Amino acid sequence: MQQPQPKPPSPSEDKRWKLVNATMRRHGYAAHALIETLHSVQEAFGFLDEIALRFVAESLDVPLSKVYGVATFYHIFMLKPKGRHTCVVCTGTACYIKGADALLAGIHTRYDINTGDTTADARLSVLTARCVGACGLAPAVVVDGDVFGKLTTDSLITKLEALD
Amino acid sequence: MAQPAPLSTVRVVTLTIDDRDFSAREDETIIEVCRENNIPIPSLCHLDGLSIWGGCRLCMVELEGQTRLFAACSTRVTEGMRIQTQSERLRSYRHTILELLFAERHHVCAVCVSNGHCELQWLAQKCGVDHVRVPYRQAAYPVDSSHEMFRIDHNRCILCTRCVRVCDEIEGAHTWDIMGRGTDCRVISDLAQPWGDSTNCTSCGKCVQVCPTGALVKQGTSVGEMVKDQHFLPILARRRHAQ
């Protein structure tokens, strides 16, 4: 009979690991709780770093490569820390036709960052989404959780500049 | 791979493939029946002994009474099934799929260690792919030579996941997996680290032997020298399932 693998200790004294451990315990440390656990890490820490990925893999007894595969497959998981503000540009069909790429190009010109990047002063992160469900407002952008529609490059930059 | 059920409970079905009559066990897939009867069906992701993947779409066949195509590797035979494995439509689809595979990454046979021993090359020759009508993507992918015995060249990878499956199902290490999505997809070891730094790779080389192209090769091989040997797979697969 196989012995259950002993659970690894938390990577640090950080209290947030308790939230992660609670999620895994709730699912009985089952391998299929991987996505749920990664969500919990991301909620607690804001992103998934190598320490967290190794800890989750060892705790759930899931191969490292599988954890990394899942973490990179889903857009919602971030492997790098996010900035204080996030700007999600919708690149769904309607927004794409209405010029989502021009918005991204405008952001690149102003802040010199590409999709998935964060400015050097950790002020702003730029992401893309396939469709945020606001096609009537195309091209739409979600800034810190609020949807703004019918944007031009100039009006978007003005909005982003107004963030503290 | 599907677990063969005890023989007593398995029914035998009759079907026709390319207007010839055959009988097969009902737990067999179309591609297994075709391979047993020497009917050629192109495929890159299917390998006897590994689980079904259905990713390359080269083994698509026509079923009478159905408008859509079916992947022969992931469709089980049924009673009275009428299968067409060769038609103008299938030929053109297979041709296009192969062209897209060539255009996706850098498959330059003349300088490849697998030249002459490559399943992609054989299929292209068999299907008459002498030109690629779509533009090449020309995206650069890394080559990882950090492992002391083997090398992975992502430029020659077609993402068939044979290496991922053999590592997980036969060796049991699960060193490999696929990261990202779309054109960013890549085979990775551990946390996308250099293969040589992998802590759970056993250096067994099974992934190298099952790789259909020159993506996974032995170190020190020169152009055309990498000959693959897959005879171990059905034997090991049988013993794994017998456990």
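Sequences listed follow chains A and B, in order.
Using my numbering, the letters of the first sequence correspond one by one to residues 1293 to 1456.
Using my numbering, the letters of the second sequence correspond one by one to residues 779 to 1021.
Built from N, CA and C at the ideal position, the CB exists for glycine as well.
Owing to the predicted nature of the structure, the values given are computational and were not obtained by experimental measurement.
Under DSSP, the beta strand (DSSP E) around Trp954 (chain B) begins and ends at which residues?
Walking along the second sequence from the start, residue 954 (chain B) turns up at place 176. First-last of the beta strand (DSSP E) with Trp954 (chain B): Trp954 to Met957.
Under 8 Å Cβ to Cβ from Ala1363 (chain A), same chain only, skipping five residues before and after it: list those, please.
The count along the first sequence starts at 1 and reaches residue 1363 (chain A) at position 71. Correct list, in chain order: Leu1330, Leu1340, Leu1345, Phe1369 and Leu1371.
If I measure Cβ to Cβ from Arg1415 (chain A) and keep anything under 6 Å in the same chain, skipping five residues before and after, which residues do I get?
On the first sequence, residue 1415 (chain A) is found 123 positions in, with the first residue counted as 1. The beta carbon of Arg1415 (chain A) sits closer than 6 Å to the beta carbons of Gly1375 and Arg1376 from its chain, once the five residues preceding and following it are set aside; these are given in chain order.
Determine, using beta carbons only, whether His952 (chain B) and Lys1358 (chain A) come nearer to each other than 8 Å.
Mapped onto the second sequence, residue 952 (chain B) falls at position 174. Mapped onto the first sequence, residue 1358 (chain A) falls at position 66. With respect to the 8 Å criterion, His952 (chain B) and Lys1358 (chain A) are classified as neighbours on the basis of their beta carbons.
Can you give the Cα-Cα distance for Asn816 (chain B) and Leu1326 (chain A), rounded to whole angstroms?
In the second sequence, the residue the question calls residue 816 (chain B) occupies position 38. In the first sequence, the residue the question calls residue 1326 (chain A) occupies position 34. If I take the Cα positions, the gap works out to 43 Å.
Under the three-state reduction of DSSP, which class applies to Asp796 (chain B): helix, strand or coil?
Locating residue 796 (chain B) in the second sequence gives position 18, counting from the first residue. Under the three-state reduction of DSSP output, Asp796 (chain B) falls in the coil class, being neither helix nor strand.
Unbroken alpha helix (DSSP H) runs of length 4 or more, entirely within the region 833 to 919 of chain B: which are they?
With a minimum length of 4 residues, the continuous alpha helix (DSSP H) runs that stay inside the region 833 to 919 of chain B are 866 to 882 and 897 to 904.
Could you name the residues of the same chain whose beta carbon sits closer than 8 Å to that of Tyr1321 (chain A), not counting the 5 residues immediately before and after it, in chain order?
Translated into the one-based positions of the first sequence, residue 1321 (chain A) becomes position 29. Cβ neighbours of Tyr1321 (chain A) beyond the five flanking positions: Lys1299, Ser1351, Leu1352 and Asp1353.
Check the C-beta distance from Ser981 (chain B) over to Ser967 (chain B) and give it rounded, since I have them as a contact under 8 Å.
In the second sequence, counting from the first residue as 1, residue 981 (chain B) sits at position 203. In the second sequence, counting from the first residue as 1, residue 967 (chain B) sits at position 189. Not quite, the Cβ-Cβ distance comes to about 11 Å (not below 8 Å), so this is no contact.
Beta strand (DSSP E) containing His1377 (chain A): first to last residue?
Taking the first sequence and counting its residues from 1, one reaches residue 1377 (chain A) at position 85. Here the beta strand (DSSP E) through His1377 (chain A) covers His1377 to Cys1382.
So Ser967 (chain B) is in the beta strand (DSSP E); what residue range does that whole segment cover?
Numbered from 1 along the second sequence, position 189 holds the residue referred to as residue 967 (chain B). Unbroken beta strand (DSSP E) run through Ser967 (chain B): Arg964 to Ser967.
Of all Cβ atoms in chain A, is any one closer than 8 Å to the Cβ of Asp968 (chain B)?
Residue mapping note: residue 968 (chain B) aligns to position 190 of the second sequence, counting from 1. With 8 Å as the cut-off, Asp968 (chain B) counts as an interface residue toward chain A.
Give a yes or no on whether 8 Å exceeds the smallest Cβ distance from Ser1357 (chain A) to chain B.
Counting from 1 along the first sequence, the entry for residue 1357 (chain A) is found at position 65. It does: the Cβ of Ser1357 (chain A) has a partner Cβ on chain B nearer than 8 Å.
For chain A, is any of its Cβ atoms less than 8 Å away from the one on Ile808 (chain B)?
By 1-based counting over the second sequence, the position of residue 808 (chain B) is 30. Not one chain A Cβ lies under 8 Å of Ile808 (chain B).
Per DSSP, what kind of secondary structure is His940 (chain B) in: helix, strand or coil?
On the second sequence, position 162 is the one that residue 940 (chain B) refers to. Checking the sequence shown, residue 940 (chain B) turns out to be Arg, not His. If DSSP states are grouped into helix, strand and coil, Arg940 (chain B) belongs with the helices.
Taking 8 Å as the limit between beta carbons, can you name the residues of its chain near Pro913 (chain B), skipping five residues before and five after?
Working through the second sequence from its first residue, we reach residue 913 (chain B) at position 135. Result list for Pro913 (chain B): Ala881, in chain order.
Could you tell me whether any non-hydrogen atom of the ligand FAD is closer than 7 Å to the CB of Arg1016 (chain B)?
No copy of the ligand FAD occurs in the structure displayed, which carries no ligand at all.
Looking only at its own chain, which residues have a Cβ that is under 7 Å from the Cβ of Ser1000 (chain B), when we skip the five neighbours before and after it?
Here residue 1000 (chain B) is taken as the residue at index 222 of the second sequence, counted from 1. Within the same chain, Ser1000 (chain B) has close Cβ partners Val891.
Please list the segments of the beta strand (DSSP E) lying wholly inside the region 1296 to 1341 of chain A, counting only runs of 3 or more residues, in order along the chain.
none
Along the beta strand (DSSP E) that carries Phe1440 (chain A), what are the first and last residues, could you check?
Walking along the first sequence from the start, residue 1440 (chain A) turns up at place 148. In the DSSP assignment, Phe1440 (chain A) falls within the beta strand (DSSP E) that extends over Asp1438 to Phe1440.
On the DSSP letters alone, give me the boundaries of the beta strand (DSSP E) that Leu828 (chain B) sits inside.
Here the question's residue 828 (chain B) lines up with position 50 in the second sequence. Unbroken run through Leu828 (chain B): none, as it is neither H nor E.
Determine, using beta carbons only, whether Tyr1403 (chain A) comes closer than 8 Å to chain B.
Locating residue 1403 (chain A) in the first sequence gives position 111, counting from the first residue. Answer no: the Cβ-Cβ gap between Tyr1403 (chain A) and chain B never drops below 8 Å.
Whose Cβ in chain A lies nearer than 9 Å to the Cβ of Asp955 (chain B)?
Within the second sequence, residue 955 (chain B) is the residue found at index 177, counting from 1. In chain order: Pro1355, Leu1356, Ser1357, Lys1358, Val1359, Tyr1360, Gly1361 and Val1362.
Take every Cβ of the region 892 to 899 of chain B, pair it with every Cβ of the region 857 to 874 of chain B, and state whether three or more of those distances are shorter than 8 Å.
no
Hey, would you say His824 (chain B) sits closer than 8 Å to Cys812 (chain B), going by beta carbons?
Working through the second sequence from its first residue, we reach residue 824 (chain B) at position 46. Working through the second sequence from its first residue, we reach residue 812 (chain B) at position 34. No; because the gap between Cβ atoms is not below 8 Å, this pair is not in contact.
Can you tell me the Cα-Cα spacing of Ile819 (chain B) and Val907 (chain B), whole angstroms?
As a position in the second sequence, residue 819 (chain B) is number 41, starting the count at 1. As a position in the second sequence, residue 907 (chain B) is number 129, starting the count at 1. Roughly 16 Å separates the two Cα atoms.
For the beta strand (DSSP E) containing Asp975 (chain B), name the first residue and the last one.
On the second sequence, position 197 is the one that residue 975 (chain B) refers to. First-last for Asp975 (chain B): undefined, no H or E at that position.
Would you report the Cα separation of Ile1343 (chain A) and Ala1336 (chain A), rounded to the nearest angstrom?
Numbered from its first residue, the first sequence carries residue 1343 (chain A) at position 51. Numbered from its first residue, the first sequence carries residue 1336 (chain A) at position 44. Whole-angstrom Cα-Cα distance: 14 Å.
With 7 Å as the C-beta to C-beta threshold (strictly closer), list the residues of the region 937 to 964 of chain B near chain A in chain order.
His952, Thr953, Trp954, Asp955, Ile956, Met957, Gly958 and Arg959
Near Glu1003 (chain B), which residues of its chain fall below 8 Å by C-beta distance, leaving aside the five closest residues on each side in sequence?
Residue numbering aside, residue 1003 (chain B) sits at position 225 when the second sequence is read from its first letter. Contacts found: Val891.
Provide the residue(s) that pair with Ala802 (chain B) in DSSP beta bridges, ordered along the chain.
What you label residue 802 (chain B) is simply residue 24 of the second sequence in a count that begins at 1. Partner(s): B:Val791.
Put Lys1390 (chain A) into one of helix, strand or coil per three-state DSSP.
Along the first sequence, read from residue 1 onward, the residue named residue 1390 (chain A) stands at position 98. Note: Lys1390 (chain A) maps to coil in three-state DSSP.
Between the region 1313 to 1346 of chain A and chain B, which residues of the former have a C-beta closer than 7 Å to a C-beta of the latter?
Per Cβ criterion, the list reads Glu1342 and Leu1345.
For Asp1007 (chain B), which three-state DSSP category applies?
The sequence position of residue 1007 (chain B) within the second sequence is 229, counting from 1. Residue state, collapsed to three classes: coil.
What would DSSP say about Leu1396 (chain A), mapped onto helix, strand or coil?
As a working mapping, residue 1396 (chain A) is identified with position 104 in the first sequence. Leu1396 (chain A): helix per DSSP, three-state reduction.
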